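Using the UniProt record's numbering, count along the sequence shown one by one with no gaps and you end on 549. Report on the following structure.
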Amino acid sequence: VQELKDSEVAKTFRKAINRKEGIFAIGGTSELSSEGTQHSYSEEERYAFVNWINTALEKDPDCQHVLPMDPNTDSLFKSVSDGIILCKMINLSVPDTIDERTINKKKKTPFTIQENLNLALNSASAIGCHVVNIGALDLREGKPHLVLGLLWQIIKIGLFADIELSRNEALAALLRDGETLEDLMKLSPEELLLRWANFHLENAGWQKINNFSSDIKDSRAYFHLLNQISPKGTEEDQPRIDIDMTGFSEKDDVKRADAMLQQADRLGCRQFVTPADVISGNPKLNLAFVANLFNKYPALTKPENEDINWGVLEGETREERTFRNWMNSLGVNPHVNHLYGDLQDAIVILQLYEKIKVPVEWNKVNKPPYPKLGTNMKKLENCNYAVKLGQDAKFSLVGIGGQDLNDGNATLTLAVVWQLMRRYTLNVLEQLGDGEKVVDDIIVKWVNMTLANAGKSTMISNFKDKEISTSLAVLDLIDTIQPNSVNFELVKRGMLSEEDKLDNAKYAISMARKIGVRIYALPEDLVEVKPKMVMTVFACLMGCGMKRV
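So this is what it looks like as structure tokens:
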């Protein structure tokens, strides 16, 4: 029998299977994978992200060497390979994450490009992107599935930034009878968007939708949504835009979707989806389309209801945001949107124990979905187990019980999370130091010795040292680990105002990320000398320094 394996028939057949409509398959792209593995990526996503980036960075002088990209080719994967677009997109999603002065924009060499990619990856991690399996080389080579995966996370963080009650109090209009603001705060951005869409659909007298995939394929819900949120011209600076509903009764799905998107275009919101993405119900791109609609035209009025307790609406503290981003960057599942509510069943905390090498017996854990009766009991059992693991791991948990995690007690939950993050940070040092126990004093000694050996005059007495607020010791340490990396002309010295200190701190944090240090702390943590976060900065720098010895 003739071998069919390498015959032309087999080749074309394999191609036909691998290239499903709009999905490209790429063979063996990771070093570890055998030639046979397939990583597919979606042409639709590439098309959508290219158009979004083209619009977002259109006027940015630093991106003109690659923009506009052609959405119909693979130009995206080459264009992101110098790291500049990635850094810019991160700053659009979470402003001020990266100090622009640290991006290498001019003389591009393999080394300066590597620095840009380190900066992008470590900054993406700091805003909560899961980048554990992505390296600078993957981005340099423009590996499609990894580039698109990272871009989606960055874009989504930006799209979801304001879909949160403390940032947008008008969302309280979505409260249902008998609900409190706390109930609404527990919803994820995706759930809030769905409720927002249904709020407008109900006002339009149209049936509710349960998702942004199969339920929107006929575009009819979208027509009603656009009609409800389009500006009515009541505000002075806003002209009235009347949505043309004639396309609603179009018989053909594609033509109907196209007519709907023409109306979205009149609102300046024709982004992320093509008619084909609507009728195929692409969940990711439709979610992005709706989030963009919400951001431009929420069309909600903050309720004047006397019974609403607005006092609970404190925004996230910096510390809470840092912890949340740290967890999400490690790829915990489910994604953490609200620090306390999302940890009340301890599933995320148990995953974090695994990340710090504390073994979890998963057969002892109750996993969702929980039964209708006794849900809380199941969650409480998980929380008790989480506390026991912490005690076994020699965490300081005096006065903390499972009930505290289950209740979402802020102070005590933070105490547990901080110890997880601290252990995670120190694990790296213990691996480098052959398992030697690392305490704060060891880090302080290492910092001072390293600075002194390099002839630097800065030093720190401990992690509460007020001198740290200038960031000079951090910058000197970075320059010691990677000589001549810091441009000292940009560093302010002498009597420093708060603004000068913040300027130095922003430069220091971005420079640390640029030389390859994964830091979650924020510039304000250095300026205000927050001892916990300061510890993580110096510990991570020590880890980087020891690796290079």
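We treat Cβ as the ideally placed atom computed from N, Cα and C, and that holds for glycine. None of the values given here were measured: they were computed from a predicted structure.
With fewer than 16 other CB atoms across the displayed protein chains lying within 10 angstroms of its CB, serine 396 is exposed. The C-beta distance from glycine 543 to valine 447 rounds to 12 Å, too long to fall under 8 Å, and the pair is not in contact. Residue state for tyrosine 41 is assigned as strand, using DSSP reduced to three classes. Looking at the backbone, the Cα of glutamate 430 and that of lysine 445 are separated by about 15 Å. For asparagine 227, the closest C-alpha among the options Ala173, Ser213, Phe212 and Gly247 is that of Gly247.
Closest in C-alpha terms to tryptophan 52, from the list Tyr370, Thr109 and Asn292, comes Asn292. Within the segment 380-444, the complete alpha helix (DSSP H) runs of at least 4 residues fall at 402-406 and 410-432. Between the alpha carbons of valine 80 and glycine 142 lies a distance of about 7 Å. A Cβ-Cβ contact shorter than 9 Å links leucine 171 with leucine 300. Here histidine 65 is exposed. Its C-beta has fewer than 16 other C-beta atoms within 10 Å. The C-beta separation of isoleucine 163 from phenylalanine 272 comes to about 15 Å, leaving the pair out of contact by the 8 Å criterion. Within the UniProt domain "Calponin-homology (CH)" (437-546), the runs of alpha helix (DSSP H) that reach at least 4 residues and sit entirely inside it are, in chain order, 440-453, 472-481, 498-514 and 523-527. With a cutoff of 9 Å on beta-carbon distance, leucine 339 and glutamate 169 are scored as not near each other.
Aspartate 242: not part of any alpha helix (DSSP H); DSSP gives it neither H nor E. Excluding the 5 residues flanking it on each side, phenylalanine 77 has same chain C-beta neighbours closer than 6 Å at Gly142, Pro144 and Val147, in chain order.
The Cβ atoms of lysine 492 and aspartate 503 sit closer than 9 Å to each other. For threonine 274, no alpha helix (DSSP H) run applies, since DSSP gives it neither H nor E. Non-local C-beta neighbours of lysine 217 in its own chain, meaning closer than 8 Å and more than five positions away in sequence, comprise Asp253, Val278, Ile279, Ser280 and Gly281, ordered along the chain. For isoleucine 157, the enclosing alpha helix (DSSP H) covers residues 144-160. In this structure, threonine 480 places its C-beta atom within 9 Å of the C-beta atom of leucine 451. Contact annotation: the segment 302-311 does not touch the segment 369-379, with fewer than three C-beta pairs closer than 8 Å.
Out of Pro71, Thr102 and Leu57, the CA that lies nearest to the CA of leucine 92 is found in Leu57. For the 9 Å CB-CB criterion, leucine 412 and glycine 399 form a contact. Arginine 256 sits buried, since 16 or more C-beta atoms from the chains shown fall within 10 Å of its C-beta. In this structure, DSSP gives arginine 176 a state outside helix and strand, which the three-state scheme calls coil.
For serine 79, the enclosing alpha helix (DSSP H) begins and ends at 75-79.
Comparing alpha carbon positions, the residue from Val94, Leu117 and Pro110 closest to threonine 102 is Leu117.
With a cut-off of 8 Å on Cβ pairs, the segment 118-130 is in contact with the segment 323-334, counting three or more such pairs. Leucine 526 is positioned such that its CB atom lies closer than 9 Å to that of valine 534. For lysine 302, the CB contacts under 8 Å within the same chain, skipping 5 residues up- and downstream, are Glu169, Ala170, Ala172 and Ala173 in chain order.
Approximately 5 Å separates the beta-carbon atoms of glycine 402 and valine 387; this is inside 8 Å, confirming the contact. Linking valine 360 to leucine 350 through their CA atoms gives a straight-line distance of about 7 Å.
Rounded to the nearest angstrom, the Cβ distance from aspartate 345 to proline 369 is 11 Å, too far for a contact under 8 Å. Counting C-beta atoms within 10 angstroms of its own C-beta, glycine 390 has 16 or more neighbours from the protein chains shown and is therefore classed as buried.
Rounded to whole angstroms, the gap between the alpha carbons of lysine 105 and cysteine 87 is 11 Å. For isoleucine 53, the secondary structure class from DSSP, reduced to helix, strand or coil, is helix.
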